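The structure appears right after this line, and notes come after that.
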Amino acid sequence: MSNLSELYQSVILDHNRSPRNCRSMADADADAEGYNPLCGDRLRVWVRLGAGDVIEDVSFEGIGCAISQASASLMTTTVKGRTRAEALDLFTRFHDLVAGDPGPDAPPGLGKLTVFAGVREYPSRVKCASLAWHALRSALEGGTPRPHS
Amino acid sequence: MPATDLQPASPPMAAPRARPFDVDAVRRDFPILSESVGGRPLVYLDSAATSQKPQAVIDAVSRFYATGNANIHRGVYRLSEAATAQYEGARQRIARFLNAPDARSVVFTRGTTESINLVAQSYLRPRLKAGDEILVTAMEHHSNIVPWQLVAEATGAVLRVAPVTDAGELDVGGLEALIGPRTRLVALAQISNSLGTVNPVQRVVALAHAAGVPVLVDGAQAAPHLVADIQALGCDFFACSGHKMFGPTGVGVLYGRADLLEEMPPWQGGGDMIASVTFERSSWAAVPTKFEAGTPDIAGVVGLGAAVDYLSALDRTAVAAHEAALLRYASERVAAVAGVRLVGTAPGKAPVVSFVLDGVHPHDIATILDADGICIRAGHHCTQPLMRRLGVAATARASFALYSTFAEADALAAGLERVRTVMGR
Numbered sequence: 004m005s006n007l008s009e010l011y012q013s014v015i016l017d018h019n020r021s022p023r024n025c026r027s028m029a030d031a032d033a034d035a036e037g038y039n040p041l042c043g044d045r046l047r048v049w050v051r052l053g054a055g056d057v058i059e060d061v062s063f064e065g066i067g068c069a070i071s072q073a074s075a076s077l078m079t080t081t082v083k084g085r086t087r088a089e090a091l092d093l094f095t096r097f098h099d100l101v102a103g104d105p106g107p108d109a110p111p112g113l114g115k116l117t118v119f120a121g122v123r124e125y126p127s128r129v130k131c132a133s134l135a136w137h138a139l140r141s142a143l144e145g146g147t148p149r150p151h152s
Numbered sequence: 450m451p452a453t454d455l456q457p458a459s460p461p462m463a464a465p466r467a468r469p470f471d472v473d474a475v476r477r478d479f480p481i482l483s484e485s486v487g488g489r490p491l492v493y494l495d496s497a498a499t500s501q502k503p504q505a506v507i508d509a510v511s512r513f514y515a516t517g518n519a520n521i522h523r524g525v526y527r528l529s530e531a532a533t534a535q536y537e538g539a540r541q542r543i544a545r546f547l548n549a550p551d552a553r554s555v556v557f558t559r560g561t562t563e564s565i566n567l568v569a570q571s572y573l574r575p576r577l578k579a580g581d582e583i584l585v586t587a588m589e590h591h592s593n594i595v596p597w598q599l600v601a602e603a604t605g606a607v608l609r610v611a612p613v614t615d616a617g618e619l620d621v622g623g624l625e626a627l628i629g630p631r632t633r634l635v636a637l638a639q640i641s642n643s644l645g646t647v648n649p650v651q652r653v654v655a656l657a658h659a660a661g662v663p664v665l666v667d668g669a670q671a672a673p674h675l676v677a678d679i680q681a682l683g684c685d686f687f688a689c690s691g692h693k694m695f696g697p698t699g700v701g702v703l704y705g706r707a708d709l710l711e712e713m714p715p716w717q718g719g720g721d722m723i724a725s726v727t728f729e730r731s732s733w734a735a736v737p738t739k740f741e742a743g744t745p746d747i748a749g750v751v752g753l754g755a756a757v758d759y760l761s762a763l764d765r766t767a768v769a770a771h772e773a774a775l776l777r778y779a780s781e782r783v784a785a786v787a788g789v790r791l792v793g794t795a796p797g798k799a800p801v802v803s804f805v806l807d808g809v810h811p812h813d814i815a816t817i818l819d820a821d822g823i824c825i826r827a828g829h830h831c832t833q834p835l836m837r838r839l840g841v842a843a844t845a846r847a848s849f850a851l852y853s854t855f856a857e858a859d860a861l862a863a864g865l866e867r868v869r870t871v872m873g874r
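Quick mapping for you: the protein sequence lines, in order, are chains A and B. Numbering-wise, our numbering puts 91 at position 88 of the first sequence, and it's gapless, one number per residue. Numbering-wise, our numbering puts 556 at position 107 of the second sequence, and it's gapless, one number per residue.
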């Protein structure tokens with residue numbers, strides 16, 4: 004039960020119920036699809052970049068479990084205003100958080116994203132948490148959907 | 450349980466009535482059902498994905514390796530002859546269990562998927578011309594779709610899809626309308642893995658045969674629930690998997706009509722499947738060995754033989770009554786949870802309860818139930834076209850077997866209430 008409440012934290016439930024930036028974007032510079040063939044979950048991420056490669060706007064739409072919806076929502080609120088390089092770096096650290104070797108401390112600089120630390124205990128759910136991030140990376144790296152790990 | 454108390458007195462000399470099904474006794478035959486998960490008793494409700502194994506099957510496999518292991522068919526020493534006898538003896542018993550007309554029509558494969566691929570590549574592909582049609586249903590497992598797509602792509606043939614209703618029943622009239630002069634094969638599941646719907650296979654076979662079209666039946670879900678009777682079905686091919694019918698993984702069956710199997714070229718080449726080999730030309734062994742290239746899963750076949758022995762020793766009528774009562778009960782309990790909608794409500798069903806819960810993704814349901822030791826499946830169940838047809842991205846699926854209990858249905862319903870609490874619904 005303790006693992007379960009760590010997985011379904013109130014922040015995650017809140018973002019699942021009221022996802023932020025859950026919309027398509029007409030004036031996006033790039034978009035990409037994230038697809039998990041194991042469960043059929045699918046979402047699309049849009050980004051608009053400004054001067055200095057700053058992410059001016061980012062949004063998503065799609066279907067998925069609470070973990071993937073909340074992760075997409077928190078991702079958008081976290082990367083908005085950051086540069087492309089910062090966002091990609093954040094993904095690496097986020098991936099370490101949910102799937103890397105468990106260390107005593109969460110990777111630094113993740114802020115609210117640390118609520119996903121509980122996902123590590125559920126290997127089959129790691130892909131749910133990282134689906135939107137893979138789509139974001141695809142969009143930032145040219146918008147070509149690529150298979151995700 | 451004092452079984453006799455529940456029965457009215459029988460008149461003298463009447464045929465003995467079947468005893469009520471003793472599920473507790475059956476559960477003792479399956480060691481894993483006494484296991485616990487994180488300190489909670491295992492509630493295994495994923496038997497449509499794979500069934501658990503009775504001790505008799507585990508022992509048969511283990512005994513084969515411990516005392517009987519040798520390669521089959523060409524050994525002249527006694528140990529090999531005994532292994533061959535076990536392997537071929539299992540074929541005889543499995544053929545009898547499925548009521549195949551002849552054990553030579555029973556080919557061992559790795560499972561239903563390989564059985565269907567064998568028919569697609571060896572039977573159908575050489576017969577297909579551009580524009581020919583293969584007819585499946587909208588409720589098929591991917592393994593009864595993709596093998597046909599592969600041969601269709603290679604030959605220019607077309608996959609046609611018989612419709613299903615909103616309740617998840619096969620629209621037989623719709624299927625009949627799609628049988629035409631170019632139809633070369635009808636392939637359908639006897640029981641839907643996602644919904645549990647039992648299809649009227651005999652009717653479909655009659656319709657197809659009236660048009661001169663052979664029928665392949667995917668019996669993967671049927672074999673553990675229905676009394677398999679290939680001759681009564683009248684189908685031309687029948688495929689099933691050992692692991693779904695209380696046998697080992699890695700072994701399955703393809704039944705084929707004898708004349709069709711004779712005509713079919715080998716699918717894979719290798720040892721055991723030949724009569725003679727020269728560099729100029731090789732000739733093939735007789736059916737079914739022609740289709741069993743290489744050393745097969747001998748222990749798996751022996752284990753599957755033990756599984757059909759186990760099933761045959763049960764009162765299958767009582768098993769069917771238990772499963773039907775359990776399906777009714779579990780469906781009611783699950784449907785009574787606020788926000789639940791059952792997906793697949795055909796009148797004739799195997800004990801499969803597929804459902805969605807308002808505002809909660811099936812994956813979250815499965816993860817939260819797992820904390821209570823309850824194993825269900827969540828997702829598209831390898832039936833993405835069916836999910837699309839029914840307008841759901843995924844479902845949660847609880848699937849029961851002869852060892853499942855009413856208490857487990859209660860645990861599922863209680864677990865679903867907890868899902869609602871955890872998810873704040």
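Every residue gets a Cβ at the ideal spot worked out from N, C-alpha and C, and that includes glycine. It should be emphasised that the depicted structure is a prediction, and the values quoted were computed from it without experimental measurement.
Continuous beta strand (DSSP E) stretch holding residue i: start and end
i	result
Asp17/A	Per DSSP, Asp17/A belongs to no beta strand (DSSP E); it is in the alpha helix (DSSP H), 13 to 20.
Ala73/A	Careful: Ala73/A lies outside any beta strand (DSSP E), inside the alpha helix (DSSP H) at 69 to 82.
Val50/A	44 to 52
Tyr38/A	33 to 39
Ala847/B	844 to 848
Phe740/B	Where Phe740/B is concerned, there is no enclosing beta strand (DSSP E), given that its DSSP letter is neither H nor E.
Leu93/A	That residue, Leu93/A, is in no beta strand (DSSP E); its alpha helix (DSSP H) goes 87 to 102.
Gly65/A	58 to 66
CB contact below 9 Å: residue i versus chain B
i	result
Ala132/A	no
Ile58/A	no
Ser21/A	no
Gly156/A	Since the displayed chain A opens at 4 and closes at 152, residue 156/A lies outside it and no answer follows.
Leu10/A	yes
Asp99/A	no
Arg128/A	yes
Gly145/A	no
Leu46/A	no
Leu116/A	no
Cys25/A	no
Leu91/A	no
Gly112/A	no
Own chain, CB closer than 7 Å to residue i, minus 5 neighbours either side, in chain order
i	result
Ser485/B	Leu491, Gly822
Thr632/B	Glu582, Leu584, Ala660, Val662
Pro542/B	Here residue 542/B turns out to be Arg, not Pro, going by the sequence shown. The answer, listed in chain order, is Gly754, Val757, Asp758.
Ser500/B	Pro673, His692, Lys693, Met694, Phe695, Ala850
The alpha helix (DSSP H) enclosing residue i, as first and last residue numbers
i	result
Arg777/B	765 to 784
Glu563/B	561 to 567
Arg542/B	527 to 546
Ile679/B	679 to 682
Thr870/B	855 to 871
Asp667/B	Here Asp667/B belongs to no alpha helix (DSSP H); instead the beta strand (DSSP E) covers 664 to 667.
Contacting residues, own chain, Cβ-Cβ under 8 Å from residue i (five flanking each side not counted)
i	result
Phe778/B	Correcting the residue identity first, residue 778/B is Tyr in this sequence and not Phe. Phe855, Ala858.
Asp551/B	Ala544, Ala707
Ile814/B	Leu806, Ile825, Ala827, Ala845, Leu865, Val868
Gln12/A	Val118, Gly121
Any chain A beta carbon closer than 9 Å to residue i
i	result
Asp813/B	yes
Thr816/B	yes
His771/B	no
Ala842/B	yes
Gly808/B	yes
Cβ-based neighbour list, residue i, same chain, cut-off 6 Å, excluding 5 preceding and 5 following
i	result
Ala73/A	Ile15, His18, Asn19
Ala142/A	Ala33, Asp34, Ala35, Val48, Val50
Gly560/B	Ser690, Gly701
Val664/B	Val635, Val654, Ala657, Cys684, Asp685
Thr698/B	His692
Cys68/A	Cys131
Gly605/B	Ala579
Contact list for residue i against chain C, beta-carbon separation under 7 Å
i	result
Leu7/A	Judged by its chain identifiers, the structure shown contains no chain C, and its protein chains are A and B.
At which residue ranges does the segment 686 to 716 of chain B contain complete alpha helix (DSSP H) runs of 4 or more residues, listed in the order of the chain? 707 to 712
For the segment 568 to 593 of chain B, which residues have a CB atom closer than 9 Å to at least one CB atom of chain A, in sequence order? Against chain A - using a Cβ distance shorter than 9 Å - the segment 568 to 593 of chain B contributes no residues.
Could you tell me which uninterrupted beta strand (DSSP E) segments, each at least 3 residues in length, are contained entirely in the segment 573 to 621 of chain B, listed from first to last along the chain? 582 to 586, 607 to 611
Tell me which residues of the segment 825 to 836 of chain B have at least one Cβ-Cβ distance to chain A shorter than 8 Å, keeping chain order. Ala827, Gly828, His829, Gln833, Met836
If contact means a Cβ-Cβ distance below 9 Å, which residues of the segment 55 to 80 of chain A contact chain B? Correct list: Ile66, Gly67, Cys68, Ala69, Ile70, Ser71, Gln72.
Selection of the segment 858 to 873 of chain B by Cβ proximity to chain A, strictly under 8 Å: Val871, Met872, Gly873
Could you give the uninterrupted runs of the alpha helix (DSSP H) lying entirely in the segment 502 to 528 of chain B, keeping only those of 4 residues or more? 504 to 512
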